[in-house]
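A.B. asks: Plus 25 on top of the position in the sequence shown (first one is 1) and you've got my numbering.
First, the structure itself, so that you have it in front of you.
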Amino acid sequence: SLFDLFGCCQRFPYLSEDNRSLTTPVDPTPEVRLDLSSAGPTVVILKNGRRICGHGCARSNTPIVQNKAYFEAKIQCAGRWAIGLGLIKAPLESLDQLSESSLSWVLRENGGVWHAGAMIAKLEQPVEEGDVIGISYDHVELQFSVNGALVPLFASQSLTLSNGITGLKGTLYPVVGVADNSVLDLGFNSRNFYHSPPIPDFEQILFEKELL
Numbered sequence: 026s027l028f029d030l031f032g033c034c035q036r037f038p039y040l041s042e043d044n045r046s047l048t049t050p051v052d053p054t055p056e057v058r059l060d061l062s063s064a065g066p067t068v069v070i071l072k073n074g075r076r077i078c079g080h081g082c083a084r085s086n087t088p089i090v091q092n093k094a095y096f097e098a099k100i101q102c103a104g105r106w107a108i109g110l111g112l113i114k115a116p117l118e119s120l121d122q123l124s125e126s127s128l129s130w131v132l133r134e135n136g137g138v139w140h141a142g143a144m145i146a147k148l149e150q151p152v153e154e155g156d157v158i159g160i161s162y163d164h165v166e167l168q169f170s171v172n173g174a175l176v177p178l179f180a181s182q183s184l185t186l187s188n189g190i191t192g193l194k195g196t197l198y199p200v201v202g203v204a205d206n207s208v209l210d211l212g213f214n215s216r217n218f219y220h221s222p223p224i225p226d227f228e229q230i231l232f233e234k235e236l237l
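Laid out in structure tokens, this is it:
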């Protein structure tokens with residue numbers, strides 16, 4: 026039903042809402058946000074491209090081009106979700122398609138990190154409603170933090186702990202997916218961060234022209 030699809034969006038329309046956009050003049054500087062034009066057809070994007078709910082996935086409107094980038098996602102309403110990185114052709118129609126794709130590397134609500142249809146690693150601790158997930162990426166390693174602290178990963182099929190996921194290739198975008206009443210708020214700009222990046226020298230995602 027439509028309520029199933031948009032109910033959680035309607036129940037939480039003003040959750041941690043930021044109304045500065047009503048009084049602040051439009052900033053000519055481009056802002057990193059979720060890209061509505063490429064998002065899945067049944068996904069809902071609110072709060073100027075920072076909140077996602079409904080069913081489906083979206084990516085940011087710019088890839089990660091700098092050396093060390095950090096962004097966040099707060100689990101405002103639990104359900105099924107995914108957050109991570111993907112290539113521009115990663116499928117965004119549904120959460121399961123994104124998780125099963127060889128073009129994405131995503132953390133799921135059960136703490137598993139999925140790539141190409143397999144859980145390749147798992148967080149050492151569970152993620153719960155209200156937690157803030159941080160994603161740090163330096164073009165070598167993808168690392169996850171929870172509430173400001175880096176969380177080690179158990180490698181799949183073993184008890185070996187690692188700091189993060191390696192072997193990612195290509196031009197990668199932040200990607201996020203939701204289903205079953207999940208609501209996630211994204212923080213791409215440092216003013217929206219709940220926590221400072223846990224690794225030195227990592228910072229908010231910048232547009233390529235900001236790096237010049």
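Beta carbons: idealized from backbone N, C-alpha and C, even for Gly.
Bear in mind the structure is a predicted one, so any value in this text is a computation, not a measurement.
Report the residue from Tyr95, Ile77 and Ile113 whose alpha carbon sits nearest the alpha carbon of Leu103.
C.D. replies: Within the sequence shown, numbered from 1, the residue matching residue 103 stands at position 78. Reading off the sequence shown, one finds Ala at residue 103, where the question assumed Leu. Of Tyr95, Ile77 and Ile113, the residue nearest in Cα terms is Ile77.
A.B. asks: Between Leu132 and Gln150, what straight-line distance do the alpha-carbon atoms span, to the nearest angstrom?
C.D. replies: Translated into the one-based positions of the sequence shown, residue 132 becomes position 107. Translated into the one-based positions of the sequence shown, residue 150 becomes position 125. Their backbone Cα atoms lie some 12 Å apart in a straight line.
A.B. asks: Tell me where the beta strand (DSSP E) around Asp210 begins and ends.
C.D. replies: Looking up residue 210 in the sequence shown gives position 185. Run containing Asp210: Val208 to Gly212, per the beta strand (DSSP E) assignment.
A.B. asks: Please name the residue or residues paired with Glu97 in a DSSP beta bridge.
C.D. replies: On the sequence shown, position 72 is the one that residue 97 refers to. Gly159 and Gly212.
A.B. asks: With H, G and I counted as helix, E and B as strand and the rest as coil, what does DSSP make of Glu166?
C.D. replies: Position 141 of the sequence shown holds residue 166. DSSP places Glu166 in strand when its eight states are reduced to three.
A.B. asks: If you scan the stretch 86–158 from start to end, which runs of the alpha helix (DSSP H) of 4 or more residues do you find wholly inside it?
C.D. replies: As far as the stretch 86–158 is concerned, its whole alpha helix (DSSP H) runs of at least 4 residues are 120–125.
A.B. asks: What is the DSSP secondary structure of Ile61, reduced to helix, strand or coil?
C.D. replies: Counting from one through the sequence shown, the residue named residue 61 turns up at place 36. Ile is not the amino acid found at residue 61; the sequence shown has Leu there. Leu61 falls in the helix class under three-state DSSP.
A.B. asks: Taking Ser215 and Trp106 to be in contact with their CB atoms under 8 Å, please state how far apart those CB atoms are, rounded to whole angstroms.
C.D. replies: Position 190 of the sequence shown holds residue 215. Position 81 of the sequence shown holds residue 106. Not a contact, Cβ separation roughly 23 Å.
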